[in-house]
Amino acid sequence: MCTRSANRQLSVEPCKRKVGIFVSRESSIQDIDDIEVQKVGERVERLLIDALEKAEELWASTGITTVKLSELLYRNILKVGLLHLLALYGLLYIPYMKWETAAWSFFYLSVSGLSVTAGAHRLWCHRSYKARWPLRAFLMLANCCVAQNDIYDWVRDHRVHHKFSDTDADPHNITRGLFFSHVGWLFVRKHPEVTRLGSKVDCSDVAEDPIVAFQIRHYVVLTLLFATLIPTCLPVYCWDESIWVAFYICTIIRLVIQLNVTWSVNSFAHYFGEKPFDNTIWPTETRFVAFAAAGEGWHNYHHTFPHDYACSELGWYLNPTKLFIDFMWLIGMAYDCKQESMDSVKFRRGDGTRRPAHASCELASKDASASSHQF
1 MCTRSANRQL SVEPCKRKVG IFVSRESSIQ DIDDIEVQKV GERVERLLID
51 ALEKAEELWA STGITTVKLS ELLYRNILKV GLLHLLALYG LLYIPYMKWE
101 TAAWSFFYLS VSGLSVTAGA HRLWCHRSYK ARWPLRAFLM LANCCVAQND
151 IYDWVRDHRV HHKFSDTDAD PHNITRGLFF SHVGWLFVRK HPEVTRLGSK
201 VDCSDVAEDP IVAFQIRHYV VLTLLFATLI PTCLPVYCWD ESIWVAFYIC
251 TIIRLVIQLN VTWSVNSFAH YFGEKPFDNT IWPTETRFVA FAAAGEGWHN
301 YHHTFPHDYA CSELGWYLNP TKLFIDFMWL IGMAYDCKQE SMDSVKFRRG
351 DGTRRPAHAS CELASKDASA SSHQF
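full-length UniProt numbering applies: residue 1 is where the sequence shown begins, and numbers increase by one.
Below, the structure written as structure tokens:
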């Protein structure tokens with residue numbers, strides 16, 4: 001029995017040693033796992049800190065923190081917010097729309113866009129070309145499709161923007177943040193400098209245009225008709241589209257796209273891109289804005305040469321508005337198209353990113369003096 005007991009004791013010792021080895025290995029593996037978990041935790045913590053810092057920078061760039069509650073225009077916030085919420089809901093109707101509705105919406109969006117770029121901006125605001133009354137009447141009516149205030153108010157704000165660009169007197173001053181310059185400026189009361197200096201900007205030429213005066217007198221009715229009723233009702237009666245599909249696609253979503261494209265010129269085209277003509281100003285050359293806004297994204301050029309009807313040195317490249325004005329010139333509806341001489345343009349260096357123009361200005365030979373022929 002003693003021998004058996006001794007043997008049993010001897011047989012237990014190796015097992016204890018084996019278990020000890022297993023436990024030590026298990027504990028070392030556990031230690032390694034704890035270290036790895038700690039490292040992962042530190043990485044996650046660093047990522048969260050970086051994300052919070054970037055979020056704080058982005059929030060500070062919006063300019064919202066500098067706005068007092070008493071300065072907020074709650075009616076505008078409600079209108080713009082509700083319009084965007086309706087547009088998000090309207091996306092649910094896209095699978096149910098007919099192809100004719102999509103084509104009609106795109107056509108209406110394009111025509112109404114020209115009313116801003118070729119009409120309110122290049123014609124009435126900068127007077128970079130002249131137009132006969134049929135073209136002015138067409139652009140005025142098309143301008144009622146976009147619901148961006150009447151032409152006079154649009155021109156006044158834009159002339160103030162150019163005269164006092166990127167200062168407190170600029171209605172959508174980019175130095176107050178990207179969000180503010182995009183849409184935030186509509187949510188707050190105007191800076192006192194905007195009101196004080198803006199009142200000194202002459203817009204009498206616009207007020208004296210009988211076509212603009214007609215729009216001002218009947219703006220509410222015209223906007224209701226051209227921005228809502230026509231784009232909604234035509235698909236319903238012409239190809240039996242659902243009234244809700246037509247309303248959300250052709251009116252709500254179209255308006256939201258149109259508004260944000262226009263706002264992007266004030267924000268993104270003052271923030272992202274190159275400055276090949278003047279690197280002392282905020283406006284930039286932004287291709288995706290030029291694409292979306294029918295040629296308005298060549299903004300560094302435009303702020304350097306604001307009276308050039310092309311708003312670009314690149315001819316028709318990403319500039320369908322210039323193509324439209326050139327066509328109107330050819331048929332006699334537009335004339336006196338002002339264009340900066342290439343001698344003036346080529347000496348501009350800006351930030352050194354300027355490349356030779358890759359598209360000739362189709363009517364460059366018809367400069368301000370030569371293109372003033374009367375038709």
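All C-beta atoms in this analysis are idealised placements derived from N, C-alpha and C, irrespective of residue type, glycine included.
Leaving out the 5 sequence neighbours to the left and right, which residues in its chain are closer than 7 angstroms to residue i when beta-carbon positions are compared?
i           : result
residue 256 : 83, 84 and 87
residue 22  : Low per-residue confidence applies at residue 22: pLDDT is 48, beneath 50, and the placement is therefore not dependable, though the value from the model is reported in the following sentence. Closer than 7 angstroms at the Cβ level, and outside the excluded window around residue 22, lies no residue.
residue 154 : 120 and 148
residue 189 : 71 and 73
residue 216 : 150 and 152
residue 338 : 128, 129, 307, 308, 309 and 368
residue 93  : 244, 245, 248 and 249
Would residue i and residue j qualify as a contact pair, given that the criterion is a beta-carbon distance under 8 angstroms?
i           : j           : result
residue 124 : residue 212 : yes
residue 120 : residue 333 : no
residue 236 : residue 230 : no
residue 171 : residue 194 : yes
residue 321 : residue 51  : no
residue 270 : residue 181 : yes
residue 285 : residue 309 : no
residue 313 : residue 265 : no
residue 340 : residue 305 : yes
To the nearest angstrom, how far is the alpha carbon of residue i from that of residue j?
i           : j           : result
residue 221 : residue 148 : 14 angstroms
residue 97  : residue 111 : 21 angstroms
residue 72  : residue 176 : 15 angstroms
residue 324 : residue 307 : 17 angstroms
residue 287 : residue 36  : 46 angstroms
residue 173 : residue 68  : 17 angstroms
residue 183 : residue 151 : 19 angstroms
residue 249 : residue 239 : 15 angstroms
residue 214 : residue 290 : 31 angstroms
residue 298 : residue 42  : 45 angstroms
residue 40  : residue 47  : 10 angstroms
residue 319 : residue 102 : 23 angstroms
residue 224 : residue 78  : 19 angstroms
residue 167 : residue 156 : 16 angstroms
residue 141 : residue 272 : 33 angstroms
residue 367 : residue 203 : Below a pLDDT of 50, predicted positions are generally treated as unreliable, and residue 367, at 40, falls in that range; the measurement from the model is reported next regardless. Distance between the alpha carbons of residue 367 and residue 203: 26 angstroms.
residue 133 : residue 263 : 28 angstroms
residue 315 : residue 44  : 50 angstroms
residue 343 : residue 331 : 29 angstroms
residue 106 : residue 116 : 16 angstroms
residue 208 : residue 317 : 34 angstroms
residue 89  : residue 76  : 20 angstroms
residue 199 : residue 53  : 41 angstroms
Measuring alpha carbon to alpha carbon, tell me which of the options ends up nearest residue i.
i           : options               : result
residue 74  : 158, 119, 179 and 186 : 186
residue 80  : 169, 203 and 252      : 252
residue 452 : 171, 138, 69 and 347  : Only positions 1 to 375 of the chain appear in the structure, and residue 452 is not among them; the question remains open.
residue 258 : 53, 114, 189 and 272  : 114
residue 228 : 108, 319, 103 and 46  : 108
residue 246 : 99, 39, 77 and 38     : 99
residue 268 : 225, 254, 296 and 317 : 296
residue 254 : 76, 91 and 49         : 91
residue 218 : 143, 191 and 203      : 143
residue 347 : 178, 276 and 326      : 276
residue 104 : 343, 317 and 232      : 232
Taking the DSSP output, what are the residues bridged to residue i?
i           : result
residue 335 : 130
residue 385 : For residue 385 there is no data in the structure shown, the boundaries of the chain being 1 and 375.
residue 178 : Partner(s): none; residue 178 has no beta bridge.
residue 244 : DSSP lists no partner for residue 244.
residue 274 : 285
residue 298 : 285
residue 188 : 72
Apart from the five residues just before and just after residue i, which ones in its own chain have a Cβ nearer than 8 angstroms to its Cβ?
i           : result
residue 197 : 160, 163, 164 and 169
residue 303 : 162, 165, 278, 281 and 283
residue 158 : 120, 121 and 125
residue 49  : none
Less than 6 angstroms between C-beta atoms, sequence neighbours within five positions excluded: which residues of the same chain meet that for residue i?
i           : result
residue 136 : 211
residue 261 : 292 and 293
residue 241 : 98, 101 and 235
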